[in-house]
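Q: Pasting a structure here, questions to come.
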Amino acid sequence: MIADIKKRALHRTRILEGQMRGLEKMIDNEDYCMDIITQSLAIQKSLRSLNKLLVENHLRTHVSDMFAAGGEQQEHAVDELLKVYELNNNRGE
Numbered sequence: 001m002i003a004d005i006k007k008r009a010l011h012r013t014r015i016l017e018g019q020m021r022g023l024e025k026m027i028d029n030e031d032y033c034m035d036i037i038t039q040s041l042a043i044q045k046s047l048r049s050l051n052k053l054l055v056e057n058h059l060r061t062h063v064s065d066m067f068a069a070g071g072e073q074q075e076h077a078v079d080e081l082l083k084v085y086e087l088n089n090n091r092g093e
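Residue 38 in UniProt numbering sits at position 38 of the sequence shown, with consecutive numbering throughout.
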């Protein structure tokens, strides 16, 4: 992984960990539903930010190498990116 992206991704995972603990506590305490939903949505936004970093790293490292190699490697890179795109667009929202 690219050092800066790794540092930022780890920071975001720590933030997510705290957000999840907070969400669990809110549910356990039976907090107001809208507050719980707001926290859940914030976690989803944080996950999207983490995913963006991970995709950026993949593009700057693996995908660029796979495109440089050409042929089957390039096709594999395209297939991977399409799969991630499809997963993102089929989230059930």
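Think of the CB as a built atom: it goes at the ideal place given N, C-alpha and C, for glycine as much as any other residue.
Within 10 angstroms of its Cβ, does residue 34 collect 16 or more other Cβ (buried), or is it exposed?
A: Its Cβ having fewer than 16 others within 10 Å, residue 34 is exposed.
Q: Going by other Cβ atoms of all chains shown within 10 Å of its Cβ, with 16 needed for buried, is residue 44 buried or exposed?
A: Residue 44 comes out exposed.
Q: Check whether the Cβ atoms of residue 57 and residue 2 lie closer than 7 Å to each other.
A: Contact flag set, yes.
Q: For the putative contact between residue 8 and residue 47, defined by C-beta atoms under 8 Å, what is the C-beta separation to the nearest angstrom?
A: About 14 Å; that fails the 8 Å criterion.
Q: Of the choices 55, 71, 69, whose alpha-carbon is the least far from that of residue 82?
A: Nearest C-alpha to residue 82: 55.
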